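Per numbering that gives the first Met the number 0, the very first residue in the sequence shown carries number 0; after that it's consecutive. C-beta: ideal position from N, C-alpha, C; glycine also. All values derive from a computational prediction rather than experimental measurement. Here's the structure we're looking at; comments come further down.
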Amino acid sequence: MLRVSIVRGTLPALKGSVYVDFKEILMRMQLFDDRLLNKSELTYQFSNGSWIEFFSCDSEQKLRGRKRDILFVNEANELTFYEWQQLKMRTTLCSIIDYNPSFTDEHWINKLNREDKTYHFVTTYKDNPFLEQRIIDELESLKDKSQTLWKIYGLGEMAEIEGKIFKNVTVIDSVPYTGGVHWVGMDFGYSTDPTAIVLVALDENGKNLYIDEICYKTKMLTSDIIKVLKRLTEGTEVIAECAEPRLIDEIYNGGINIFPVKKYPGSVMAGIMKMMEYTLCVTKRSYNILKEFRNYVYAQDKEGRWLNKPIDSYNHAIDAIRYVVLDKLLGESPEDETDYEEIGRAAY
0 MLRVSIVRGT
10 LPALKGSVYV
20 DFKEILMRMQ
30 LFDDRLLNKS
40 ELTYQFSNGS
50 WIEFFSCDSE
60 QKLRGRKRDI
70 LFVNEANELT
80 FYEWQQLKMR
90 TTLCSIIDYN
100 PSFTDEHWIN
110 KLNREDKTYH
120 FVTTYKDNPF
130 LEQRIIDELE
140 SLKDKSQTLW
150 KIYGLGEMAE
160 IEGKIFKNVT
170 VIDSVPYTGG
180 VHWVGMDFGY
190 STDPTAIVLV
200 ALDENGKNLY
210 IDEICYKTKM
220 LTSDIIKVLK
230 RLTEGTEVIA
240 ECAEPRLIDE
250 IYNGGINIFP
260 VKKYPGSVMA
270 GIMKMMEYTL
280 CVTKRSYNIL
290 KEFRNYVYAQ
300 DKEGRWLNKP
310 IDSYNHAIDA
320 IRYVVLDKLL
330 GESPEDETDY
340 EEIGRAAY
């Protein structure tokens with residue numbers, strides 16, 4: 000009988016990644032039995048008595064909990080050294096970690112890799128025969144967008160993410176009631192890109208933007224989107240991508256207070272620079288939004304020179320936020336003739 004623990008930094012990230020992967024893999028192998036899954040405890044017990052548990056580092060009690068035979072930590076770079084030690088010291092057979100090497104040489108993982116008892120090897124997307132083509136295409140597109148991101152996610156080489164656009168991001172537990180106002184931003188997707196729906200709230204002092212992930216899914220039909228938006232407070236205004244007028248009309252006819260964002264030349268950088276004026280307070284459950292903020296960088300040319308524009312990746316939720324900022328906090332267009340594309344890099 001084996002006891003296996005699968006761990007990640009936060010519960011939303013765990014549920015949205017490795018927990019889903021585990022179920023899909025067992026289903027493909029025709030081994031999954033829903034009766035063996037305890038959804039409230041996030042445990043799966045096999046017929047031979049072996050079990051797998053899923054938990055996050057949000058709970059100190061679970062870090063100090065029962066022993067296990069095998070430990071697997073997904074995206075281990077999200078953990079502190081203390082959290083890693085608490086898990087490792089309660090593991091009897093072996094510990095396995097995976098990560099994207101987006102950090103400096105001072106990180107505890109590098110010290111772990113240098114230990115004699117550690118077996119350290121590098122894999123890339125090419126080693127995964129089950130990877131969907133859309134993910135392969137997205138990864139390979141980084142070659143022409145950002146050398147740093149390509150080095151990390153394409154080649155599996157260590158590098159600290161440079162050229163990051165938003166450095167004013169902080170993680171919070173939940174959106175507080177501040178007496179301010181709130182809206183919802185939406186960026187449409189379907190087969191390859193997700194539909195991102197994001198709550199954006201401005202505090203009464205006008206200094207903080209509170210951000211919460213409502214939905215981040217592919218293959219959503221109009222009816223699916225309407226069901227999600229129906230859960231919002233009645234009358235909440237939704238600012239959406241303007242390239243899909245038919246979808247907007249269908250959603251509006253479904254009883255949602257939705258309007259297209261108004262764009263203009265330079266509006267991308269205008270919205271980004273306006274977002275830089277606030278502290279962007281993102282809820283810790285907003286796994287996909289936090290991932291986008293970590294990886295949204297300025298583009299580079301083939302010589303590695305920074306360009307005056309962001310990469311067109313890791314931006315679905317960010318675009319949804321930007322639509323709200325453009326429409327509600329910046330206005331239809333700037334009164335002056337400022338060239339936001341030219342001064343974009345000055346913010347970095």
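CA nearest to the CA of residue i, picked from the options
i              : options                        : result
isoleucine 225 : Ser173, Arg304, Tyr251         : Tyr251
methionine 275 : Glu40, Gly179, Leu208, Arg67   : Leu208
glutamate 59   : Thr79, Thr42, Asn47, Ser46     : Thr79
valine 168     : Thr282, Asn314, Val3, Ile51    : Thr282
leucine 246    : Gly234, Ser46, Glu233, Ser222  : Ser222
glutamate 393  : Glu203, Leu201, Leu220, His181 : Because the chain in this structure spans residues 0 to 347, residue 393 falls outside the shown range and cannot be described.
leucine 10     : Asp57, Ser94, Leu306           : Asp57
tyrosine 152   : Pro175, Tyr124, Asp143, Asp172 : Tyr124
threonine 90   : Ser190, Leu306, Val3           : Val3
isoleucine 288 : Ser312, Ile24, Arg34           : Ser312
threonine 191  : Asp136, Leu228, Pro175, His106 : Asp136
glutamate 52   : Leu13, Glu82, Tyr81, Ile24     : Leu13
aspartate 7    : Trp305, Glu82, Leu228          : The displayed chain sequence assigns arginine, not aspartate, to residue 7. Closest option to arginine 7, Cα to Cα, is Glu82.
Pairwise C-alpha distance: residue j and residue i
i                : j                 : result
tyrosine 277     : glutamate 212     : 18 Å
arginine 63      : arginine 113      : 26 Å
phenylalanine 31 : lysine 22         : 7 Å
lysine 206       : leucine 1         : 51 Å
glutamine 84     : leucine 130       : 32 Å
isoleucine 76    : proline 264       : Here the sequence assigns asparagine to residue 76, which means isoleucine is not the residue at that position. Computed Cα separation, rounded: 39 Å.
glutamate 243    : asparagine 204    : 34 Å
cysteine 214     : lysine 116        : 42 Å
glycine 253      : leucine 198       : 19 Å
aspartate 104    : lysine 110        : 8 Å
glycine 162      : glutamate 291     : 14 Å
threonine 147    : tyrosine 18       : 29 Å
arginine 27      : aspartate 248     : 39 Å
leucine 154      : aspartate 126     : 11 Å
asparagine 256   : glutamate 236     : 5 Å
glutamate 40     : aspartate 300     : 48 Å
isoleucine 5     : lysine 262        : 44 Å
arginine 344     : isoleucine 69     : Because the pLDDT at arginine 344 is just 38, under 50, the model does not fix this residue reliably, and the point stays unresolved.
lysine 66        : phenylalanine 165 : 40 Å
alanine 200      : leucine 231       : 13 Å
glutamine 29     : isoleucine 108    : 35 Å
serine 332       : serine 173        : The predicted model places serine 332 with a pLDDT of 46, which falls under 50 and marks its position as unreliable, so this point remains unresolved.
leucine 138      : leucine 86        : 32 Å
aspartate 33     : serine 140        : 38 Å
leucine 25       : leucine 306       : 44 Å
cysteine 93      : histidine 106     : 21 Å
proline 128      : aspartate 20      : 14 Å
methionine 88    : phenylalanine 258 : 54 Å
Contact set for residue i: own chain, Cβ-Cβ below 8 Å, skip 5 residues either direction
i              : result
lysine 61      : Phe54, Ser55
lysine 273     : Val324, Leu325, Leu328, Leu329
tyrosine 322   : Gly184, Met185, Asp186, Ile238, Ala239, Glu240, Val260, Gly270
asparagine 37  : Tyr43, Gln44
isoleucine 171 : Tyr209, Cys280, Val281, Thr282, Lys283
glycine 48     : Met0
lysine 142     : Trp149, Gly153
glycine 303    : Gln146
valine 121     : Gly155, Glu156
leucine 35     : Tyr43, Gln44, Phe45, Ser46
isoleucine 134 : Tyr124
C-beta atoms of residue i and residue j nearer than 8 Å
i              : j             : result
asparagine 99  : serine 16     : no
isoleucine 317 : tyrosine 295  : yes
glutamate 240  : valine 267    : no
methionine 219 : threonine 194 : yes
isoleucine 310 : alanine 319   : no
isoleucine 210 : leucine 279   : yes
histidine 315  : glycine 188   : yes
Residue i Cβ short of 7 Å to the ligand ZN heavy atom set
i             : result
glutamate 302 : Of ligands this structure carries none, so the ligand ZN is not represented either.
Sequence-distant residues of the same chain with beta carbon closer than 6 Å to residue i, five excluded per side
i             : result
lysine 150    : Glu156, Ala158
serine 101    : Ile151, Ile160
isoleucine 95 : Phe71
serine 145    : Val296, Gln299, Ile310
histidine 119 : Asn112
leucine 228   : Ile255
arginine 293  : none
Neighbourhood of residue i by C-beta distance below 7 Å, restricted to the same chain and skipping five residues each side
i          : result
lysine 216 : Pro193, Thr194
Proximity test, Cβ basis, 8 Å: residue i and chain B
i           : result
leucine 111 : Here chain B cannot be found, since the structure has a single protein chain.
* Asked: Which parts of the segment 147-230 are runs of the beta strand (DSSP E), unbroken and 3 residues or longer, counting only runs that do not cross its ends?
  -> 168-171, 180-186, 194-201, 207-216
* **Start-end ranges of the beta strand (DSSP E) lying completely within the segment 235-294, minimum 3 residues** => 237-239, 257-259, 278-282
* Which ranges does the alpha helix (DSSP H) cover as unbroken runs of at least 4 residues, wholly within the segment 71-150, from first to last along the chain? -> 80-87, 107-112, 132-140
* Asked: Which runs of the beta strand (DSSP E), 3 residues or longer, sit entirely within the segment 290-329?
  -> 297-299, 305-309
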